[in-house]
Amino acid sequence: MLFLLRTFWASILLATVASFLSGMSSTALVAIISTTATNTGANISSFVWSFVYLCLLLVVSNFASQALSVRLCEKAILKLRMLLSQQILFTPLKRLEEISIPGLLAILTDDIQSVSEALSKFAFLCTNLAIILSCFAYLIWLSPLVFLFMLVLFVVGMIVFWLLTNKGRRFLSLAREEQDVLFKQFRALTEGTKELKMNYQNQKTFLFKDLQKVASNSSNYKIAGHSLFSVATSWALMIIFAAIGCVIFVLPDLARIDLSIIAKYAFITIYLVAPLDAVMAIIPEFSKAIIALKRMETISSSFSVSFNKKKNNHQIITYKTNWSRLELRKVTYSYYDDSCENSFQLGPIDLTLRPGELVFLIGGNGSGKSTLVKLITGLYFPDEGEIYLDGLLIDEQNRQWYREHFSVVFSDFYLFERLMSWKDDSFDAQAKDYLSKLKLDHKVQIRDGWLSTTNLSQGQRKRLSLLNVYLENRSIYIFDEWAADQDPLFKEIFYVQFLSELKNRGKAVLVITHDDRYFDLADRVIRLDYGQISVRN
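In structure tokens form, the structure reads like this:
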């Protein structure tokens, strides 16, 4: 919330001023109408030009408030989306892996939408608040005594209203917590469809025990929350009409008050019903937005604390092409279970990579191969030990520069539709030539650095992933079990042609593999067992 105020204070101020001008001019028009309608002896002609000017002011200020509100809404949502996306990119990978991915998706979609809906009604809220406040000012000017009488009723009503809406906000907050779990179930539904289709009993268990339970909890919390807001709104409306009734039927018997004032009070109070009802209707949406913003702040606080130091998104980072030695010295990394006890330790690892060298990394499942890759590439930070590139210690200050030396195809890689390494039209020709070598030219077309499709088999998608790393032309290449989904023909092409070409171009190549048939192609074969290097050939 403070972030929005600091960033868009000028837009918020302008939108608020325009909205209040709109609301006050609307109230002034109603006051003129009330005066002329209840005072038959008044000189109507004296109000004509005031009425005309106020009408013009109302039209202009209302348009300005709506336009400014729309602009504020869209700019704020764009800023939030980009800020959260940048924070995700600048947060250490390990921290991101600890944060729920469904929770992040809920923030980027559901929470952002809640904030957007609330901000879109900012001008409407300010206008109605201005109407309410200016009406109250007019009522005080008419008769402080009558207003004091009504204020007592309003205060009693607002206390009950606040208690009900506060309870409603708690239910909406619980519903938001269930939303993370619901997104997790939706992810299981979309990614586990094949497995669920194979077993009808599993389908029923997932749908009616897992998914329905979470969806029902979320729905029930929302129903309870919005029901309490509806009760609060109805209560407030009852108080308003009770106040009108007391002013008309009770107050004249208790005090000598001019009937024209009573009539004006009744007229203005009835007019107040619509803006009060509108404000009360908006309160649930702003409550959801506040809950969403708090959730964003909670997640943001767990992101990288060094984000502000890395804001220069236009910085061009260059990498060394003539390096000679990459070293890991006594590097260790530990995983911890829920009780914060050490459950797995990789290392200490001593490893050296050199240009023009092909190294195979082998080992069983859970031996730490993928973790070692993340340490080598700078995605994980060592608990102990150091990483050096040509004698330069890799630390927080130069870690991004260090990462720029790598092209990696991870085991759980993501295939972007844009070729991120594309620079100009000459890259299209290179890419098309390489597509032909990968036997994908009949499946995929390239135009201005964009792939025509990524809707391919897993093996074809992996072959397509080679295209981007080939065009990147970095110094160090790493492939995490790339050949696992390939047929014998493309395994042969990968190991014999592609890796040999990279080696001949002076690239350092590290391959995680189980294909012992090709071990003789490697300069070294390193075996990892239970986090320790056990064999070096």
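Take the sequence shown: its letters are residues 33 to 569, numbered as in my numbering. Glycine is no exception: its CB is placed at the ideal position from the N, C-alpha and C atoms. All of these numbers come straight from a predicted model, not from anything done at the bench.
Endpoints, beta strand (DSSP E) assigned at residue i
i              : result
arginine 450   : Taken as a continuous stretch (DSSP letters only), arginine 450 belongs to no beta strand (DSSP E), as it is neither H nor E.
tyrosine 420   : 416 to 421
leucine 393    : 390 to 394
isoleucine 544 : 540 to 544
Distance CB(residue i)-CB(residue j) smaller than 8 angstroms
i              : j                 : result
aspartate 212  : threonine 265     : no
glycine 563    : leucine 378       : yes
leucine 304    : isoleucine 164    : yes
serine 66      : lysine 296        : yes
alanine 298    : phenylalanine 186 : no
asparagine 500 : leucine 451       : yes
aspartate 517  : isoleucine 544    : no
serine 507     : lysine 539        : yes
leucine 204    : serine 250        : no
serine 484     : glutamine 477     : yes
Element boundaries [alpha helix (DSSP H), containing residue i]
i              : result
serine 366     : Where serine 366 is concerned, there is no enclosing alpha helix (DSSP H), although the beta strand (DSSP E) it sits in stretches over 358 to 368.
tryptophan 267 : 244 to 277
lysine 241     : Taken as a continuous stretch (DSSP letters only), lysine 241 belongs to no alpha helix (DSSP H), as it is neither H nor E.
aspartate 285  : 283 to 286
leucine 411    : No alpha helix (DSSP H) holds leucine 411; DSSP gives it neither H nor E.
isoleucine 191 : 176 to 223
Exposure label - residue i; buried when at least 16 CB within 10 Å
i                 : result
proline 520       : exposed
phenylalanine 551 : exposed
alanine 42        : exposed
glutamine 602     : For residue 602 there is no data in the structure shown, the boundaries of the chain being 33 and 569.
lysine 320        : buried
phenylalanine 448 : exposed
proline 316       : buried
valine 188        : exposed
serine 338        : Here serine 338 scores only 47 on pLDDT, less than 50, and its place in the model should not be relied on; the value that follows carries that caveat. The residue is exposed, with fewer than 16 neighbouring Cβ atoms inside 10 Å.
valine 528        : exposed
threonine 423     : It is glycine, not threonine, that sits at residue 423 in the sequence shown. Answer is exposed; the Cβ neighbour count stays below 16.
cysteine 167      : buried
asparagine 340    : Residue placement at asparagine 340 is flagged as unreliable, the pLDDT there being 48, under the threshold of 50; the coordinate-derived value follows with that caveat. Exposed, because fewer than 16 other Cβ atoms sit within 10 Å of the Cβ of asparagine 340.
alanine 155       : buried
cysteine 158      : buried
valine 178        : buried
arginine 113      : exposed
valine 440        : buried
glycine 395       : buried
leucine 365       : Correcting the residue type first, residue 365 is tyrosine in the shown sequence and not leucine. Tyrosine 365 comes out buried.
arginine 38       : exposed
glycine 277       : exposed
Residue(s) in a DSSP beta bridge with residue i
i                 : result
glutamine 564     : Asp561
serine 443        : None; serine 443 has no bridge partner.
glutamine 377     : Ser366
arginine 556      : Val391
aspartate 512     : Ile544
leucine 385       : Leu358
phenylalanine 40  : Its beta-bridge partners do not exist; DSSP assigns none.
phenylalanine 438 : Ile508
leucine 425       : Tyr420
Test: residue i CB closer than 8 angstroms to a CB of chain C
i          : result
valine 440 : No chain C is present in this structure, which holds just one protein chain.
Closer than 7 angstroms: residue i CB and nearest the ligand MG heavy atom
i          : result
serine 484 : No copy of the ligand MG occurs in the structure displayed, which carries no ligand at all.
Handout entry: Start-end ranges of the alpha helix (DSSP H) lying completely within the region 108 to 157, minimum 4 residues
Key = 125 to 130, 133 to 138, 144 to 152, all fully within the region 108 to 157.
Exercise for the section: Any chance you could list the alpha helix (DSSP H) runs of at least 4 consecutive residues sitting entirely within the region 454 to 508, in chain order? Expected result: List check, alpha helix (DSSP H) in window: 457 to 469, 490 to 504.
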